[in-house]
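Numbering (this note's numbering), first residue to last: 5 to 197.
In this text, a Cβ means the ideal position worked out from N, Cα and C, and glycines have one as well.
Working notes, beginning with the structure itself.
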């Protein structure tokens, strides 16, 4: 107990193995990341997550894997006395679970406004949402935008609809779209080398 523990109460490791966690680093990161939203953890404890941390969590496939990852971050954050979960705190924990987020984060230079995120979340989760997100991001990159607003999201969705209508008429185009999507997804999920 305290700032300088003598040994771990679980594994009996010596106190020299412990690292001091400066909470002010995470508090400053929370202010910089912004978009705080209170979420209920698996055991009904309230924690705040920054928009950037939630964005990282959404990169994990929905379902059991995402719930498990969120529970791990929530529990570890509470053990360390944090009240706000930031991207800087979440990414190393999630990568320690074998999730390769660094490549995805390096490619993810686009900022999504809350309105654009809300619009994207209206699309059914899973394959459809992933495809839609990709089409919106492609549209934003064509425009040279670094921020995806609601207008850009809607325009990207409309462009995606036109592309899919064309693909349904021409199976070769559909196969090309599916191949690109599968390649992008496998690159995201490739384990660390």
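Contact between the region 116–126 and the region 82–98 (3+ Cβ pairs under 8 Å): No contact exists between the region 116–126 and the region 82–98.
Residue 17 to residue 61 span [Cα, whole Å]: The residue given as residue 17 occupies position 13 in the chain shown. The residue given as residue 61 occupies position 57 in the chain shown. In a straight line, the C-alpha of residue 17 is about 31 Å away from that of residue 61.
Reference residue 48; option with closest CA among 19, 73, 78: Within the chain shown, the letter at position 44 stands for residue 48. Comparing Cα positions, the closest option is 78.
Per-residue burial, residue 103 [other beta carbons within 10 Å of its own, 16 or more giving buried]: Position 99 of the chain shown, counted from the start, is the residue given in the question as residue 103. Residue 103 should be labelled buried.
Contact between the region 153–166 and the region 136–144 (3+ Cβ pairs under 8 Å): Three or more beta-carbon pairs separated by less than 8 Å link the region 153–166 to the region 136–144, which places the two stretches in contact.
Which residues DSSP lists as bridging residue 89, in chain order: The residue labelled residue 89 in the question sits at position 85 within the chain shown. In the DSSP assignment, the residues bridged to residue 89 are 53.
Selection from 72, 170, 126, 135 that minimises the alpha carbon distance to residue 183: Reading the chain shown from its first residue, position 179 is the one you call residue 183. That would be 135, whose Cα lies nearest to the Cα of residue 183.
Whole-angstrom C-beta distance between residue 52 and residue 44, which should lie under 8 Å: Sequence index remark: in the chain shown, residue 44 carries index 40 (1-based). Sequence index remark: in the chain shown, residue 52 carries index 48 (1-based). Contact doesn't hold; Cβ gap of about 11 Å is too wide.
For residue 18, the residue or residues it bridges with in DSSP: Position 14 of the chain shown, counted from the start, is the residue given in the question as residue 18. Assignment of beta-bridge partners to residue 18 by DSSP yields 11.
Which of helix, strand or coil DSSP assigns to residue 64: Reading the chain shown from its first residue, position 60 is the one you call residue 64. Coil.
Own chain partners of residue 129 with C-beta closer than 6 Å, once the 5 adjacent residues on each side are dropped: As a first step, residue 129 is located in the chain shown; it is residue number 125 there, counting from the start. For residue 129, where only same-chain residues beyond five positions count, the Cβ hits under 6 Å are 66.
For residue 89, the nearest candidate out of 64, 57, 50 (CA to CA): Within the chain shown, the letter at position 85 stands for residue 89. For the residues 64, 57, 50, the minimum Cα distance to residue 89 belongs to 57.
CB contact flag (residue 98, residue 73, <8 Å): Translated into positions along the chain shown, residue 98 becomes position 94. Translated into positions along the chain shown, residue 73 becomes position 69. Against a cut-off of 8 Å, the Cβ pair of residue 73 and residue 98 comes out as a contact.
Within 8 Å, strictly: CB atoms of residue 157 and residue 123: In the chain shown, the residue the question calls residue 157 occupies position 153. In the chain shown, the residue the question calls residue 123 occupies position 119. Against a cut-off of 8 Å, the Cβ pair of residue 123 and residue 157 comes out as a contact.
Rounded C-alpha distance that separates residue 131 from residue 138: As a position in the chain shown, residue 131 is number 127, starting the count at 1. As a position in the chain shown, residue 138 is number 134, starting the count at 1. Near 11 Å, if we compare the C-alpha coordinates of residue 138 and residue 131.
Nearest-angstrom Cα separation, counted from residue 120 out to residue 152: Taking the first residue of the chain shown as position 1, residue 152 is located at position 148. Taking the first residue of the chain shown as position 1, residue 120 is located at position 116. Roughly 7 Å between the two C-alpha positions.
Rounded C-alpha distance that separates residue 21 from residue 59: As a position in the chain shown, residue 21 is number 17, starting the count at 1. As a position in the chain shown, residue 59 is number 55, starting the count at 1. Taking the straight line joining both Cα atoms gives about 32 Å.
Exposed unless 16 or more other CB atoms sit within 10 angstroms - verdict on residue 176: Translated into positions along the chain shown, residue 176 becomes position 172. Note on residue 176: under 16 other CB atoms within 10 angstroms of its CB, so exposed under the neighbour-count rule.
Secondary structure of residue 162, DSSP reduced to three states: Start at 1 with the first residue of the chain shown, and residue 162 comes out as number 158. Here residue 162 carries a helix assignment [DSSP, helix/strand/coil].
Proximal residues to residue 81 (C-beta, below 6 Å), its chain only, five neighbours per side dropped: Here residue 81 corresponds to residue number 77 of the chain shown, with the count starting at 1. 89, listed in sequence order.
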